[in-house]
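One structure below.
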Amino acid sequence: MPQDVVNTPYALWEENRNRIVSHQGGWVIGKGVFNHGYSMMDDLVGEITYFQQIFLNLTGKLPDKRLGDWLEAGYICFSWPDARIWCNHMAALSGTSRGAIVSGVSSGIMAADSLMYATGVMVRCHDFIATALKEKRAGAAVEEIVKRHLSAKNELPGYARPIAKGDERIDAMQRVCRKLDITMGEHEALAYEISDYLIEEHDECLNYGGYLVAFLADHGFSGIEVERLISTAVASGLQACYVEALERPEGCFLPMRCSDVVYTGPEDRELP
Amino acid sequence: MAKVDVKRRDDQFSDKVETAIWKEKPSQDNPFHAEEARCFGYDHLALVNKKSFAEVFFLLFRGELPDEAQKTLFESLLISVIHPGPRHVASRAAMNAAVSKTHVSHILPLSMNVMAGEWQGSREVFQAMKFLSRNLQSKPEVCAQDRISALAGADREGDQTVAPGFGSSYGTADTYAQKLADNLFAHCVTGESMQWARRFVTSIHDAGAGWRVTGLFAAALCDLGFTPYQGELLYQIATAPGIAAQAAEKSDQPITAMPFVSDQNYTIEGE
């Protein structure tokens, strides 16, 4: 960096002009592609799964293959070919209007970053189960934990879901864990305890997001890491919905007549 | 965990979409065609012929046409941010995508994604509008002092954000944002949010902080009656023309028209 800018308020930005310092890795042309110290073509391609690489790229740590397989199963649970699901709706609308597949899929990925479901709720779910476990370790009963959180915030992130009660994905993922010989940790066990209490008292139960964060918290991941790990998990369902809408004539995904929209605004008026 | 059967809830979803913004009278020949369209009661074609883009833009979000003072401020504001400049991260995203021959229909969506950040992006407009509305009843000088004091112990690299929309930009107060602010104050009728923000900016000056363009945009939109949600959307729309133009300019240029960091300036830590 030139000496005359060393002590300026903008020295930090000057230092980074036209320069990249990466701890992730990069392409050394003629030598190889490096990723956290691994040579990608020699050490990773054909040796690890894509889902192990997701962990590596986001956290810098290469996990056991079983964790990668678990995440892969978890991605399947996020990707349903049902165009009524809000994020999938974006992909179908893109398909019916003959948008490019990347437009449809990226629109759906963004839509799933929601405060109601999928990517956008993971940090809140993690905060809840992590706090609840601390409270349990300090001696609080499940009933007390639930009541305290409901009275403070009027919500229990990770419990209940839109449209339906119950979540078929948790059974499926428990089966995956048995197959992979992954044992249950403290967060997950508490998540189930809370669920059982809620079923009895409120007719609500653990949802898939609550399961995911509890499982990953047991493996040492934070809420923001969970959010990052599943940030593209809906992609395959989006692809399915896009393709189906594309295969039908233009505009045939839920076409609307003028009368399908109810106008509630001001009466007809003249410009001033 | 106890086994739970999955059951549908009894949610009552709407059969039809409701809107107060736009009314379409169906054509007699085809119910999917509109015979007439109205925006908050005004005939669309009359708006086309008699009103400016900015006036109809205002109408869409606020439900009424702006008066003369609002029109002048809104139009001046939109032109103030019409181009965040070729160095802005969103412009660079657009230009890099253009030279690397990304499908043209992706250019604006991808650059708006980049525009959506909390640092000099549309998210900052949302947060700045929230900040202003929450603090408008306080004395700006006191609020500024409190926030500067709260920052004092923080050992943090990078820009100092005194409040969303207000702080340093590359280490010092943003020179051009100040000029844009001065220009709006000189030529437009400003309201209490802009007046409050101007006093706030004066109070943070000695800390090396000032207006960010996002804070200026936010303050003006508060005075014009927009919500933070609307403000974030409006910032993306308002900055899009400059960003799109940058991409269009690069569209027929080779990939070498944009910098590509040389190997010697690309360092892999630990190598």
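Listed in order, the protein sequences are those of chains A and B. Quick note on the working numbering: the first sequence kicks off at 1 and runs consecutively. Quick note on the working numbering: the second sequence kicks off at 1001 and runs consecutively. All residues carry an ideal CB built from backbone N, CA and C; glycine is no exception.
Considering only the beta carbon of each residue, do residue i and residue j sit closer than 8 Å?
i	j	result
A/E188	A/V123	no
A/W70	A/I182	yes
B/C1222	B/T1072	no
A/F55	A/L44	no
A/R257	B/P1026	yes
A/T131	A/F253	no
B/S1091	B/Q1246	yes
B/L1234	B/F1226	yes
A/G74	A/A91	no
A/N18	B/N1135	no
B/A1020	A/T264	yes
B/F1200	B/P1140	yes
B/S1168	B/A1209	yes
B/A1054	B/F1074	yes
A/P63	A/Y117	no
A/S332	A/Y211	Because chain A spans 1 through 272 in this model, residue 332 of chain A falls outside it and cannot be assessed.
A/V261	B/V1017	yes
A/T49	A/K65	yes
B/A1238	B/L1078	yes
A/K136	A/L190	yes
B/L1065	B/F1058	yes
A/W13	B/G1171	yes
B/E1192	B/V1125	no
A/I29	B/D1263	yes
A/G37	B/G1158	no
B/A1244	B/A1116	no
A/T119	A/S22	no
A/D127	A/G220	no
B/L1132	B/A1218	yes
Where does residue i sit, in a helix, a strand or coil, going by DSSP?
i	result
A/N35	strand
A/A117	In the sequence as displayed, the identity of residue 117 of chain A is Tyr instead of Ala. Coil, per DSSP.
B/W1211	strand
B/F1166	strand
A/C25	Reading off the sequence shown, one finds Gly at residue 25 of chain A, where the question assumed Cys. Note: A/G25 maps to strand in three-state DSSP.
A/R84	coil
B/E1018	strand
A/A100	coil
A/D69	helix
B/P1109	helix
B/L1221	helix
B/T1256	helix
A/K134	helix
A/V262	strand
A/D42	helix
B/L1005	The question names Leu, but residue 1005 of chain B in the sequence shown is Asp. In the structure shown, B/D1005 sits in coil (DSSP, three-state: anything other than H, G, I, E or B).
B/Y1229	helix
B/I1136	It should be noted that the sequence gives Leu, not Ile, for residue 1136 of chain B. B/L1136 falls in the coil class under three-state DSSP.
B/K1025	strand
B/E1283	Beyond the ends of chain B as shown, which are 1001 and 1271, falls residue 1283 of chain B; an answer cannot be given.
A/D196	helix
A/R257	coil
B/Y1235	helix
A/Y75	helix
B/I1268	strand
B/T1172	strand
How many whole angstroms separate the CB atoms of residue i and residue j, which I take to be in contact at a CB cut-off of 8 Å?
i	j	result
B/M1194	B/A1173	At roughly 17 Å, the Cβ-Cβ gap does not stay under 8 Å, so B/M1194 and B/A1173 are not in contact.
A/G32	B/I1268	Not confirmed; about 11 Å, so no contact.
B/A1037	B/W1022	7 Å
B/H1083	B/G1242	2 Å
A/C125	A/V213	4 Å
B/S1076	B/L1224	About 11 Å separates the two Cβ atoms, so there is no contact after all.
A/A164	B/V1213	Wrong, their Cβ atoms sit about 45 Å apart, outside the cutoff.
A/I145	A/A217	About 15 Å separates the two Cβ atoms, so there is no contact after all.
Inside the stretch 214-249 of chain A only - alpha helix (DSSP H) runs reaching at least 4 residues: 223-229 and 235-247
Runs of 4 residues minimum, wholly inside the stretch 1050-1087 of chain B: which ones carry the alpha helix (DSSP H) assignment? 1053-1062 and 1068-1080
Contact between the stretch 149-167 of chain A and the stretch 201-210 of chain A is defined here as three or more beta-carbon pairs at a separation below 8 Å; is this criterion met? yes
Counting pairs of beta carbons, one from the stretch 230-246 of chain A and one from the stretch 1018-1038 of chain B, are three or more of them closer than 8 Å? no
Flag this pair as touching only if the stretch 1257-1269 of chain B and the stretch 1095-1103 of chain B have three or more C-beta atom pairs under 8 Å; answer yes or no. yes
Would you say the stretch 80-91 of chain A touches the stretch 103-117 of chain A, given that touching needs at least three Cβ pairs under 8 Å? yes
Is the stretch 1203-1211 of chain B touching the stretch 1147-1163 of chain B in the sense that three or more CB pairs, one from each, lie closer than 8 Å? yes
Between the stretch 262-270 of chain A and the stretch 190-201 of chain A, do at least 3 Cβ pairs fall closer than 8 Å? no
Taking three-plus beta-carbon pairs below 8 Å as touching, is the stretch 1147-1157 of chain B in contact with the stretch 1118-1125 of chain B? no
Restricting to runs no shorter than 4 residues, where is the alpha helix (DSSP H) found entirely within the stretch 145-180 of chain A? 168-180
Please give me, in chain order, every unbroken run of the alpha helix (DSSP H) with length at least 4 that falls completely inside the stretch 1181-1209 of chain B. 1192-1204
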